[in-house]
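Residue numbers (the working numbering): 892 to 1091.
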């Protein structure tokens, strides 16, 4: 079985590429989905986060207001590190559990682990190959403003909170251009999927 770490900068098209791999037959594990799961109201991570950041970060239904949390942690590196220390170990345990299940189901599966902080959190050491999805900075800013309703300043702060794309590209086994037209990107992704299948 192949475990592939898929990452990129924020708003580079990583989730689009993950969906395309899924359409090819890859098993997709989404770190953001796992993170949302481990911080559901009442769970240990949720309690730690509320204790750390206060009840003002909660929605009316007691779920975390991700935008409120983001506004804090993208301005304060120490708070961001604290949040990561609460969430990352729990996400890693869930990812390992899903991996074991996938291996039992299909020993020759290609598993794509879609994870924003692949290199920053040292997860690249736990995968067989890495893929980085890229986009130019202005495209990232435009997508963030449209998708997340951020100001230009907020978008730049979000981009700057991650390892520079150039450094990710330098460490990647494969690089995909997330600004390609979708039909072409889909074709390139499918070609790469078949390459990865041959490695299992």
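Note that the Cβ used here is the ideal one computed from N, Cα and C, for glycine as well. This structure is a prediction, so every number in the text was calculated from the model and none was measured.
Close Cβ partners of residue i (< 8 Å) along its chain, the five nearest in sequence each way excluded
i, result
"residue 1064", "1020, 1021 and 1022"
"residue 1015", "896, 1009, 1021 and 1062"
"residue 948", "940, 941, 955, 956, 959, 960 and 963"
"residue 1084", "912, 915, 916, 917 and 1001"
"residue 1042", "1036"
Contacting residues, own chain, Cβ-Cβ under 6 Å from residue i (five flanking each side not counted)
i, result
"residue 974", "964"
Nearest-angstrom Cα separation, counted from residue j out to residue i
i, j, result
"residue 1088", "residue 893", "8 Å"
"residue 960", "residue 1047", "17 Å"
"residue 914", "residue 1001", "12 Å"
"residue 1055", "residue 1036", "19 Å"
"residue 922", "residue 1007", "8 Å"
"residue 1049", "residue 988", "30 Å"
"residue 1034", "residue 1086", "30 Å"
"residue 951", "residue 1040", "21 Å"
"residue 904", "residue 976", "26 Å"
"residue 1072", "residue 945", "43 Å"
"residue 1028", "residue 906", "17 Å"
"residue 883", "residue 1060", "This structure gives no information on residue 883, because the portion of the chain shown stretches from 892 to 1091."
Residue closest to residue i, alpha-carbon to alpha-carbon, out of the options
i, options, result
"residue 1066", "1053, 1074 and 1080", "1080"
"residue 968", "924, 1053 and 948", "1053"
"residue 962", "1071, 1045, 1083 and 1070", "1045"
"residue 998", "1091, 930 and 903", "1091"
"residue 1038", "909, 1084, 958 and 910", "958"
"residue 954", "932, 941 and 972", "932"
"residue 1012", "904, 972 and 907", "972"
"residue 1075", "903, 908 and 902", "908"
"residue 899", "1058, 1072, 970 and 1073", "1058"
"residue 970", "943, 952 and 980", "943"
"residue 966", "1082, 1068, 1060 and 1051", "1051"
Proximity test, residue i beta-carbon vs the ligand FAD heavy atom, cut-off 8 Å
i, result
"residue 957", "Looking at this structure, you won't find the ligand FAD or any other ligand, since it has none at all."
Same chain, Cβ closer than 7 Å to residue i, neighbours up to 5 away in sequence not counted
i, result
"residue 925", "982, 985 and 986"
"residue 978", "926, 929, 930 and 936"
"residue 1018", "894, 895, 896 and 1004"
"residue 1030", "1070"
"residue 1077", "911"
"residue 1068", "1025"
Neighbour flag for residue i against chain C, beta carbons, 9 Å
i, result
"residue 935", "Judged by its chain identifiers, the structure shown contains no chain C, having just a single protein chain."
Is the segment 991-1011 touching the segment 908-919 in the sense that three or more CB pairs, one from each, lie closer than 8 Å? yes
Assess, as a yes-or-no matter, whether the segment 934-947 is touched by the segment 1022-1038 under the definition of 3 or more beta carbon pairs within less than 8 Å. no
Runs of beta strand (DSSP E) lying entirely within the segment 913-953, each at least 3 residues, in chain order: 918-921
Segments of 4+ residues assigned as alpha helix (DSSP H) that fall wholly inside the segment 1009-1045: 1028-1039
Ranges of the alpha helix (DSSP H) found wholly within the segment 958-998, counting only runs of at least 4: 968-996
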